[in-house]
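Asks:
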Amino acid sequence: MRGLKKCVAVLAIAALPQLASAQDVVQPGDAARKNAEGAAGDRAGEPYYNAYDAPMVVKGHRGLVEEDRIGSYKQPRWTARRRFPTTRVYVRPEGQFAFEYWLRSTADLENFGKANAKKYRSIYEWEFGLGNRLQLDLYLTAEQKGHGPIEIAKESIELRYALADWGEIWANPTLYFEAGRHNAEENFVELKVLLGGEMAPGLHSGLNLVLERVVGGPETHEYKVTGGISKTIVDTQLSIGAEAEVELIDDKDNRFDFIEKKYVVGPSISWQPSKHIHLLLTPLFGIAQEKAGDEEETTFIMQNWLVAGWDY
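Residue numbers (this note's numbering): 1120 to 1431.
Structure follows, in structure tokens:
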């Protein structure tokens, strides 16, 4: 009997550490919740190769994943990739890179069946997030009219700078400067002010004010206002919205007496089939007006934008 009591006492003493540690056992649901809450802090200092891998850097933010604040500028995740073909918002996150192919087709609706009534523009763009709220872009543009030859139309370089981290200034103003040449002959410079923000959860918008000047020759000025609004349908994957563009052109002999005008508006669709790929489709409809002497010719047009991008 005395031996049995001694054995029980030994077993009880051996079990004490296990009983003590059992009080600290975390249930599976609690573990998942704590892991989710601590993920941002655990990964905040780790490198990442795509903005959709980036950890959230502003704790306490709740809602859509694409509205998490990421990166050194504390910007929403959705701003790390293009949302509107006609309208740019903010800058790429530091250290991020993307390549995009753009196809823009413009057609005269009254002569839609004729090949020479269609024009095509292909744009190849490389985007680099440099840090310090700077972004560098390189462009190569080709054009084709109807079934005619494809010709290099423009080469250019762009630099943009966000004035502050996201949310510190209303509409997150970003300055944009682009320089290049048209048709290997005419040099041009383009200035933009990029504005953008979140109007409500899942509702995103952008507005651009644009001035392009051809240096030399007719000294053409192109004044443009573009805008877009987007509603999230499936978080990080699908958004729908609308875009609009107004474009006015004059030259040194007709300053502010516009020789060309364009007004277009239409729906916009953004689809992200994976964290690396984004696709944009925006068909715009409206009118183009061209002045010749005292006459002004109006054409009803359709302008389709298709953008395919790969984010690294």
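Note that the Cβ used here is the ideal one computed from N, Cα and C, for glycine as well.
1) Does the beta carbon of Leu1367 sit closer than 9 Å to a beta carbon anywhere in chain C?
2) Across which residues does DSSP place Arg1300 in a beta bridge pair?
3) Under the rule that 16 or more other beta-carbon atoms within 10 Å means buried, what is Leu1310, buried or exposed?
4) What does the alpha-carbon distance come out to for the pair Tyr1431 and Arg1223?
5) Could you give the distance in angstroms between the alpha-carbon of Tyr1192 and the alpha-carbon of Met1318?
6) Between Thr1205 and Thr1418, which are expected to be in contact by the criterion C-beta below 8 Å, what is the C-beta distance as a whole number of angstroms?
7) Please go through the same chain and pick out, in chain order, the residues whose beta-carbon is closer than 6 Å to the beta-carbon of Thr1198, but skip the five residues on each side of it.
8) According to DSSP, simplified to helix, strand and coil, what is Ala1163?
9) Would you call the segment 1263 to 1270 in contact with the segment 1281 to 1289, where contact means no fewer than 3 C-beta pairs closer than 8 Å?
10) Using the Cα positions of Lys1237 and Gly1265, report the straight-line distance between them to the nearest angstrom.
11) Quick one, which of Leu1330, Ala1407, Phe1377 and Glu1297 has its alpha-carbon nearest Asp1256's?
12) How far does the beta strand (DSSP E) with Ile1352 in it extend, from its first residue to its last?
13) Under the assumption that Ala1361 contacts Val1384 (Cβ atoms under 8 Å), give the Cβ distance between them as a whole number of angstroms.
14) If you follow the beta strand (DSSP E) that Ile1396 is part of, which residue opens it and which one closes it?
15) In whole angstroms, what separates the C-alpha of Ala1170 from that of Gln1263?
16) Pick helix, strand or coil for Val1329, following the three-state DSSP scheme.
17) In terms of alpha-carbon separation, which member of Gln1422, Leu1183 and Gly1346 lies closest to Ala1407?
18) Excluding the 5 residues flanking Pro1320 on each side, which residues of the same chain have their C-beta closer than 8 Å to its C-beta?
19) Whole angstroms is fine: what's the gap from Asp1078's alpha carbon to Val1344's?
20) Take the Cβ of Lys1233 as the centre, count every other Cβ of all protein chains shown within 10 Å, and call the residue buried at 16 or more, exposed below.
21) Would Ser1389 pass as a contact of His1397 if the rule is Cβ separation under 9 Å?
22) I'd like to confirm the pairing. Which residues does DSSP put opposite Met1421 in its beta bridges?
23) Where does Val1426 land, buried or exposed, given buried means 16+ other C-beta within 10 angstroms?
24) List the whole-angstrom C-beta distance separating Gly1250 from Glu1213, where the pair is believed to meet the contact cut-off of C-beta under 8 Å.
25) According to DSSP, is Trp1289 part of a helix, a strand, or is it coil?
Replies: Looking at the coordinates:
1) Included in the structure is just one protein chain, with no chain C present.
2) Within the sequence shown, residue 1300 is the residue found at index 181, counting from 1. Partner(s): Glu1274 and Asn1306.
3) Looking up residue 1310 in the sequence shown gives position 191. It counts as exposed.
4) The residue you call residue 1431 lines up with position 312 of the sequence shown. The residue you call residue 1223 lines up with position 104 of the sequence shown. Cα-Cα distance, rounded: 24 Å.
5) The sequence position of residue 1192 within the sequence shown is 73, counting from 1. The sequence position of residue 1318 within the sequence shown is 199, counting from 1. Between Tyr1192 and Met1318, the C-alpha separation is close to 19 Å.
6) Numbered from its first residue, the sequence shown carries residue 1205 at position 86. Numbered from its first residue, the sequence shown carries residue 1418 at position 299. That belief does not hold up - the Cβ atoms of Thr1205 and Thr1418 are roughly 19 Å apart, past 8 Å.
7) Position 79 of the sequence shown holds residue 1198. The answer, listed in chain order, is Val1208 and Tyr1209.
8) The count along the sequence shown starts at 1 and reaches residue 1163 at position 44. Legend: pLDDT at Ala1163 = 47, less than 50; position of this residue unreliable, no value from coordinates given.
9) no
10) Along the sequence shown, one-based indexing puts residue 1237 at 118. Along the sequence shown, one-based indexing puts residue 1265 at 146. Taking the straight line from one Cα to the other gives about 5 Å.
11) Position 137 of the sequence shown, counted from the first residue, corresponds to residue 1256. Residue Glu1297 is the option with its Cα nearest to Asp1256.
12) Translated into the one-based positions of the sequence shown, residue 1352 becomes position 233. His1340 to Val1353 is the extent of the beta strand (DSSP E) around Ile1352.
13) Along the sequence shown, one-based indexing puts residue 1361 at 242. Along the sequence shown, one-based indexing puts residue 1384 at 265. Ala1361 to Val1384, Cβ: 7 Å. Contact.
14) Here residue 1396 is taken as the residue at index 277 of the sequence shown, counted from 1. Note, Ile1396: beta strand (DSSP E), Ile1396 to Ala1411.
15) In the sequence shown, residue 1170 corresponds to position 51, counting from 1. In the sequence shown, residue 1263 corresponds to position 144, counting from 1. Answer to the nearest angstrom: the Cα atoms are 35 Å apart.
16) In the sequence shown, the residue the question calls residue 1329 occupies position 210. In the structure shown, Val1329 sits in a strand (DSSP, three-state: E or B).
17) For the purposes of this step, residue 1407 is identified with residue 288 of the sequence shown, where counting begins at 1. Answer by Cα proximity: Gln1422.
18) As a first step, residue 1320 must be located in the sequence shown, where it is residue number 201. For Pro1320, where only same-chain residues beyond five positions count, the Cβ hits under 8 Å are Gly1182, Leu1183 and Glu1186.
19) Summary: the structure shown does not reach residue 1078, with the chain confined to residues 1120 through 1431, and so no result is reported for it.
20) Translated into the one-based positions of the sequence shown, residue 1233 becomes position 114. Exposed, by the Cβ-count rule.
21) Position 270 of the sequence shown, counted from the start, is the residue given in the question as residue 1389. Position 278 of the sequence shown, counted from the start, is the residue given in the question as residue 1397. Yes.
22) The residue labelled residue 1421 in the question sits at position 302 within the sequence shown. Met1421 pairs with Ala1226 and Phe1404.
23) Your numbering for residue 1426 matches position 307 in the sequence shown. Answer is buried; the Cβ neighbour count reaches 16.
24) Working through the sequence shown from its first residue, we reach residue 1250 at position 131. Working through the sequence shown from its first residue, we reach residue 1213 at position 94. 4 Å between Cβ atoms; contact.
25) Taking the first residue of the sequence shown as 1, we reach residue 1289 at position 170. Coil at Trp1289, not helix or strand.
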